[in-house]
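First the structure, in the form of C-alpha cells, and then the observations on it.
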Amino acid sequence: MLGQFTLLGADGPSAVAAMQLLDVPYGIFEWFLEDAYGTRMDRLGEYLGVRMLGYPYMQRAYLAAVCIAVIGPLVGTFLVHREISMIGDTLAHTAFAGVAVGLFLNATLSLSLSPLLTAFVTAVVTALLVELLIEHGGAYSDTSLAIVLTGGFALGSVLITATDGGIAVGIDAYLFGSLATVSRADVALLVAMCLLVGGLVTLAYRPLLYVTFDTTGARAARLNVRLYKRLMVVLTALVVVSAMQIMGVILVAAMLVVPVAAAALVARSFKRSILLAILVAEFAAVAGVTVSYSYGIAAGGSIVLAAIAIYAAVLVGRAFPLERLRAQ
8 MLGQFTLLGA DGPSAVAAMQ LLDVPYGIFE WFLEDAYGTR MDRLGEYLGV
58 RMLGYPYMQR AYLAAVCIAV IGPLVGTFLV HREISMIGDT LAHTAFAGVA
108 VGLFLNATLS LSLSPLLTAF VTAVVTALLV ELLIEHGGAY SDTSLAIVLT
158 GGFALGSVLI TATDGGIAVG IDAYLFGSLA TVSRADVALL VAMCLLVGGL
208 VTLAYRPLLY VTFDTTGARA ARLNVRLYKR LMVVLTALVV VSAMQIMGVI
258 LVAAMLVVPV AAAALVARSF KRSILLAILV AEFAAVAGVT VSYSYGIAAG
308 GSIVLAAIAI YAAVLVGRAF PLERLRAQ
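Just remember that the working numbering sits 7 ahead of the position in the sequence shown, which is counted from 1.
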C-alpha cells in the first residue's frame, strides 16, 4: 500500500520504519477517500443522475482540484499584495527542471527517484534564491526572476533532449496536467499540503500580514522579516510542485494570481480577499474539471479559463453595475 510513497527506493530497516510511520496517516486517508468522501460522492452522483461523480478517478480529480483551489489563493494573496506574483511562474518553470532532473537520473543511472521529490528540492532551493534576488536585486529583481524562469525551463528541455526524448513521455503529464494521472498518492500529497500550508499560514497570519504591507514597521517591531519572507516563498514552492500533476507547470502559477485578482476587485479587507479568492478558485476548479471531463480537454487549462472568466465578469460588473443598467 505504501510502495507508491517510497521516494528514494531505499531498502533496509530505515525504509521499513519510515513506511510503518506513514502507515497510520495513510490508512486514515484511505478511509476518508473511500468510505467518507467516496461514498458521499457516489450518493451525490446517484441523486443528481451524474455518473461521472461515481468514478474513482473523477472523485480524486475533484478532491485534488478543491485542494489546489484552497492553497493557491491562500499563498497567492500574500504574493499579489507584495507585488511579486511572478515568483509563482518562476518556481513552476524551475520545478519543471526538477522533474526533468529526476527523470534524467532515473533513465541514465537506473535510479528510482521520485520526480516530485527532485522537483520539491529544486523548487525550494530556487525559492530561497529568488527571495535573495528580490531582497538584493532592487530595480533589477524582475530581470533576475526572468533569468531564473527561462534558465529553469531551458535546463529541463536540455535534459529531455539529452536522452533522445526518452523521458518526454513521462514529463508530458507535468507540463500540461492530466485528470487520468491523478493517483491516490497525488491526492494524499495535496491533502497533506492543504493541511500544512493552511496550518502554517493560520499560525503565522499576523506576522505575514505585517511583513506584506509594512516591512519597515515589521522590522521596527522586531519581527524576523527575512524568516517570514522565506517562509512564504517556500510555501509557494510547495504549492506549485503539489499542483503540477493536475494543473501542469505552464498553468499552475495562474491559480496563485487569477482568483486573487478577481477577489481584490471587490474585497474591502485582506481577510475577505483571501476568502473570496478561495471561493472563486473553488468554483473555477469544479467547473474546470467538469468541463474537462465532458469535452475531453485539458483540466488545467479549463480551470484557469474558468477563473479568468470569473475575473472578466467581475470587471464587467464593476464597470456596468446593476444600478446603472436599471437607470438606463
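Ideal Cβ positions, reconstructed from N, Cα and C, are used throughout, including at glycine.
Pair within 9 Å by beta-carbon distance, residue i and residue j
{"i": "Ile75", "j": "Leu197", "result": "yes"}
{"i": "Ser164", "j": "Ala71", "result": "no"}
{"i": "Thr336", "j": "Val155", "result": "Because the chain here runs from 8 to 335, residue 336 falls outside it and cannot be looked at."}
{"i": "Ile5", "j": "Ala306", "result": "Residue 5 lies beyond the residue range present for the chain, which begins at 8 and ends at 335; the question has no answer from this structure."}
{"i": "Tyr235", "j": "Val218", "result": "yes"}
{"i": "Thr84", "j": "Gly109", "result": "no"}
{"i": "Ala153", "j": "Met251", "result": "no"}
{"i": "Ile78", "j": "Met200", "result": "yes"}
{"i": "Thr129", "j": "Gly105", "result": "yes"}
{"i": "Met65", "j": "Tyr302", "result": "no"}
{"i": "Gly52", "j": "Leu40", "result": "no"}
Same chain, Cβ closer than 7 Å to residue i, five either side skipped, listed in chain order
{"i": "Arg237", "result": "Leu135 and Glu138"}
Where residue i falls, given that 16 or more other Cβ within 10 Å makes a residue buried
{"i": "Asn231", "result": "exposed"}
{"i": "Gly224", "result": "exposed"}
{"i": "Ile304", "result": "exposed"}
{"i": "Val259", "result": "buried"}
{"i": "Leu28", "result": "Since pLDDT at Leu28 reaches only 41, below the 50 mark, its modelled position is unreliable, and the value read off the structure follows with that caveat. With fewer than 16 other Cβ atoms within 10 Å, it is exposed."}
{"i": "Ser280", "result": "buried"}
{"i": "Tyr181", "result": "buried"}
{"i": "Phe220", "result": "exposed"}
{"i": "Thr46", "result": "exposed"}
{"i": "Thr168", "result": "exposed"}
{"i": "Gly56", "result": "exposed"}
Span of the alpha helix (DSSP H), counted from its first residue to its last, around residue i
{"i": "Leu234", "result": "Val232 to Met254"}
{"i": "Leu98", "result": "Met93 to Leu116"}
{"i": "Asp193", "result": "Arg191 to Leu210"}
{"i": "Tyr69", "result": "Pro63 to His88"}
{"i": "Met262", "result": "Ala261 to Ala271"}
{"i": "Glu53", "result": "Thr46 to Leu55"}
{"i": "Gly295", "result": "Phe277 to Tyr302"}
{"i": "Leu312", "result": "Ala306 to Ala326"}
Same chain only: Cβ atoms within 8 Å of residue i, ignoring 5 sequence neighbours per side
{"i": "Ala320", "result": "none"}
{"i": "Ser21", "result": "In this prediction, Ser21 scores a pLDDT of 39, lower than 50, which makes its location untrustworthy; the coordinate-derived value is nonetheless stated afterwards. Counting only Cβ-Cβ distances below 8 Å, and skipping sequence neighbours, we find nothing."}
{"i": "Val82", "result": "Val204, Val208, Met239, Leu242, Thr243, Val246 and Leu263"}
{"i": "Arg325", "result": "Leu272 and Val273"}
Cβ shell of residue i (< 6 Å), same chain only, five flanking positions each side left out
{"i": "Leu118", "result": "Leu112"}
{"i": "Ala68", "result": "Leu186, Val189 and Val296"}
{"i": "Ala313", "result": "Ala291, Ala294 and Gly295"}
{"i": "Tyr212", "result": "none"}
Below-9 Å beta-carbon distance, residue i vs any chain D residue
{"i": "Phe103", "result": "As a matter of chain content, chain D is missing from the structure shown, which is built from one protein chain."}
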